[in-house]
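S.K.: Here's a structure for you.
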Amino acid sequence: MENSIPQELKKAIGLLRNGKRREAVPILAEVLHQDRTNEHAWYLLGMAVDEPDKKLYAFKEVLKFNPDNERAKTQLAELAGKSERPQEEFPAKPQPERKPEPSHEEPPLAQTLKEEPKKGFRWAFLLIGLGGLIIFISAIALVSLNSDRLWGTPAVQQLTESPLEDMQPSSTQAGQFTFPPTWTATPRSTAAPSALPTQTPTGTSTPTSLPLPDDVREEMELIQKQVSVLRELPLAENVQNAVMPKLKLKLIVMDLYVDDEYLAGLEDEDRILTIIGFMDPGYDLVEETLNSRVDAIGSFYLPEENKIHVIGTGLYGIEKWIYAHEYGHALQDQHFDLTTLGVYPDCLKPEQNCLAIRALVEGEADLLQEMWLEQFPPEFEYQDILKIQPPSHLFQGQPAPPYFGMNAYFPYLAGYDFASYLYQKEGWAAINQAYRNLPTTTEQILHPEKYFSGETGIPVNDPPLDDKLSLDWRLLKRETFGEWESFLLLGYGNDE
Numbered sequence: 002m003e004n005s006i007p008q009e010l011k012k013a014i015g016l017l018r019n020g021k022r023r024e025a026v027p028i029l030a031e032v033l034h035q036d037r038t039n040e041h042a043w044y045l046l047g048m049a050v051d052e053p054d055k056k057l058y059a060f061k062e063v064l065k066f067n068p069d070n071e072r073a074k075t076q077l078a079e080l081a082g083k084s085e086r087p088q089e090e091f092p093a094k095p096q097p098e099r100k101p102e103p104s105h106e107e108p109p110l111a112q113t114l115k116e117e118p119k120k121g122f123r124w125a126f127l128l129i130g131l132g133g134l135i136i137f138i139s140a141i142a143l144v145s146l147n148s149d150r151l152w153g154t155p156a157v158q159q160l161t162e163s164p165l166e167d168m169q170p171s172s173t174q175a176g177q178f179t180f181p182p183t184w185t186a187t188p189r190s191t192a193a194p195s196a197l198p199t200q201t202p203t204g205t206s207t208p209t210s211l212p213l214p215d216d217v218r219e220e221m222e223l224i225q226k227q228v229s230v231l232r233e234l235p236l237a238e239n240v241q242n243a244v245m246p247k248l249k250l251k252l253i254v255m256d257l258y259v260d261d262e263y264l265a266g267l268e269d270e271d272r273i274l275t276i277i278g279f280m281d282p283g284y285d286l287v288e289e290t291l292n293s294r295v296d297a298i299g300s301f302y303l304p305e306e307n308k309i310h311v312i313g314t315g316l317y318g319i320e321k322w323i324y325a326h327e328y329g330h331a332l333q334d335q336h337f338d339l340t341t342l343g344v345y346p347d348c349l350k351p352e353q354n355c356l357a358i359r360a361l362v363e364g365e366a367d368l369l370q371e372m373w374l375e376q377f378p379p380e381f382e383y384q385d386i387l388k389i390q391p392p393s394h395l396f397q398g399q400p401a402p403p404y405f406g407m408n409a410y411f412p413y414l415a416g417y418d419f420a421s422y423l424y425q426k427e428g429w430a431a432i433n434q435a436y437r438n439l440p441t442t443t444e445q446i447l448h449p450e451k452y453f454s455g456e457t458g459i460p461v462n463d464p465p466l467d468d469k470l471s472l473d474w475r476l477l478k479r480e481t482f483g484e485w486e487s488f489l490l491l492g493y494g495n496d497e
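What follows is the structure, encoded as structure tokens:
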């Protein structure tokens, strides 16, 4: 191979020559995620996969970018002739028998948020150790690289002539829809506001998004109608949408929330969290801030702009599922004004209140997302959605300490249970009422019956300390811990 071939392709070629086809697939998929026009990566991907339909699509993509590629033509001819053994360009070398590798899974966490796993795709993975979870999900994101992202089934279905017909719940058993594992690394789940200094968006200009293709825009409009029908709320007005790579979303969030004033406040926050034992010195709180502002499934709703951001290259099965969640936030914002709640995407209240309200917001969106999946299952990638195990953080430049990981899951897992409890009692009317009578403690979220009984937090005497501190001391922060934070402190704080 020529020296001009990218290092990633050289690595993939080496794996193919050694018979490690599956290991080559995520590498090639990532190359194509960065450059969809790379004919060499498409050709190698066609050689790496086993399924004929995937091979067919990959080799067709080669010819789309280079109609004179004879090797791709040969492979397509053999596939068209239903050859049982396509041309072997990378014969596998004999491999020695490998011994089973030791497991690196960490011991379970001390406590889960629910006693029984949820039906369908509910997340029963909270028991996995957070350090191991981050690594595990990273691997899943590479192996589970999404079908329609790179494969050729119609990427987005056009709206039919009858919108009402399209909006009717599916009577087909959703489980019959299957499709090969995903082909674009799409992170999952969502992050809650962590104990970080809050910052009002700076108003700095963010990267400009390209106009969406008509088919993507129409598919989003269809999902909006479906979600609106399920939620029994009128459509949100003037919702803006953008689909983009993860790096671009990271730059947008950083531009919105990280400035000199914010950075100046990190020193005290670092001291507090380190002394308590929630993190080791040197943990990057800037990246933690970015994660606390987004949904780790790969999306972000910005109330100030009424705009939904979704990570991806198009709107396929998994992205549709993610979009249903984010559009739920758009409906919340239009009808209950998320900005005035003081929690989304920033926490502008005491942490105890923020966690409780955020659990209502995210729990309802999760419940709505699950209903959408059951009633309007995507034709493709349904099985992949059921297998999704979201990480605690979207941006994973560093392993998250258990405190941040557990705190990130709280609004989604405990929030889902809380929203489900309300919905089972009085339907959407109970959830609508909850926005007018907000939960105030994490105890109410963990024990919804206490929310209904009106049991609030116990007032704590908080005497002033300014006149008690010597010149060598200063008050860094005042905060009240509820049931959830107390659990984190006892489980993951310093023993001293």
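For what it's worth, our numbering labels the leading residue of the sequence shown as 2, then goes sequentially. Note that CB positions come from ideal geometry on N, CA and C, so glycine has one too.
1. Let me know if L248 comes out buried or exposed under the rule of 16 or more other beta-carbons within 10 Å of its beta-carbon.
2. Does the beta-carbon of E480 have 16 or more other beta-carbons within 10 angstroms, so that it is buried, or is it exposed?
3. Residue range of the alpha helix (DSSP H) that A66 falls in?
4. How would you label K321, buried or exposed, when you count the other beta carbons within 10 angstroms and need 16 or more for buried?
5. Say whether the segment 296-316 touches the segment 261-274, bearing in mind that this needs 3 or more beta-carbon pairs closer than 8 Å, one atom from each stretch.
6. On a CA-only basis, which of G318, M255 and R232 is nearest P378? Give me that one, please.
7. In whole angstroms, what is the alpha-carbon distance linking L414 and R359?
8. Determine the extent of the alpha helix (DSSP H) in which V228 is found, giving its start and end residues.
9. Check whether the segment 472-491 and the segment 365-385 touch, using three or more Cβ-Cβ pairs below 8 Å as the test.
10. Using DSSP with H/G/I as helix, E/B as strand and the rest coil, what is I459?
11. Please list the terminal residues of the continuous beta strand (DSSP E) segment that includes N242.
12. Alpha carbon to alpha carbon, what distance is there between I253 and N292?
13. Could you tell me whether the segment 332-352 touches the segment 391-403, where touching means 3 or more Cβ pairs closer than 8 Å?
14. So, does the segment 384-395 touch the segment 459-468, judging by three or more C-beta pairs under 8 Å?
15. DSSP on L303, reduced to helix/strand/coil?
16. Identify which residue in M255, H330 and F279 has its Cα closest to the Cα of Y436.
17. Could you tell me the distance, in whole angstroms, from the CA atom of L491 to the CA atom of V295?
18. Take the Cβ of T441 as the centre, count every other Cβ of all protein chains shown within 10 Å, and call the residue buried at 16 or more, exposed below.
19. How far does the alpha helix (DSSP H) with I309 in it reach, from first residue to last?
20. Within 10 angstroms of its Cβ, does L197 collect 16 or more other Cβ (buried), or is it exposed?
21. Buried or exposed for N438, please, with buried defined as at least 16 other CB atoms from any protein chain shown within 10 angstroms of its CB.
22. Relative to the C-alpha of N39, which residue among R232, A49 and F66 is closest?
23. Tell me, to the nearest whole angstrom, how far the beta carbon of V26 is from that of L46; I am working on the premise that it is less than 8 Å.
24. Can you give me the C-alpha to C-alpha distance between F178 and I309, rounded to a whole angstrom?
25. Rounded to the nearest angstrom, what separates L223 and T443 at their Cα positions?
26. Given a cut-off of 7 Å, decide if V228 and A325 are closer than it, judged by their beta-carbon atoms.
27. Residue range of the alpha helix (DSSP H) that P412 falls in?
28. Cα-Cα, which of L489, R272 and P53 is closest to E410?
29. In this structure, what does DSSP give as the bridge partners for D296?
30. Using alpha carbons as the reference points, say which of T314, P7, L361 and K251 lies closest to D334.
31. Check each candidate in P68, I312 and E371 and name the one with the smallest Cα separation from D418.
32. Run through DSSP, which three-state label would Y328 get?
33. Could you check the C-alpha separation between R37 and P7 for me, to the nearest Å?
34. In chain order, what residues of the same chain have a beta carbon less than 6 Å from the beta carbon of P412, not counting five sequence neighbours either side?
35. Buried or exposed: where does V32 fall if 16 or more other Cβ atoms within 10 Å of its Cβ makes it buried?
36. Whole angstroms are fine: how far does the CA of S393 sit from the CA of D285?
M.R.: Straight from the coordinates:
1. exposed
2. exposed
3. Per the sequence shown, the amino acid found at residue 66 is Phe instead of Ala. Where F66 is concerned, the enclosing alpha helix (DSSP H) stretches over P53 to F66.
4. buried
5. no
6. G318
7. 11 Å
8. D215 to R232
9. no
10. coil
11. Q241 to M245
12. 12 Å
13. no
14. no
15. strand
16. H330
17. 27 Å
18. buried
19. Taken as a continuous stretch (DSSP letters only), I309 belongs to no alpha helix (DSSP H), being part of the beta strand (DSSP E) at K308 to I312.
20. Bear in mind that a pLDDT of 36 at L197, under 50, signals an unreliable position, so the number given afterwards is only what the model happens to contain. So L197 counts as buried.
21. exposed
22. F66
23. 7 Å
24. Unreliable positioning characterises F178 in this predicted model, as indicated by a pLDDT of 27, which lies under 50. The coordinate reading is nonetheless provided below. F178 and I309: Cα-Cα distance of roughly 27 Å.
25. 36 Å
26. yes
27. P403 to E427
28. Going by the sequence as given, residue 410 is Tyr instead of Glu. When only C-alpha atoms are compared, the closest one is L489.
29. S300
30. L361
31. E371
32. helix
33. 14 Å
34. A193, R359, A360 and E363
35. buried
36. 15 Å
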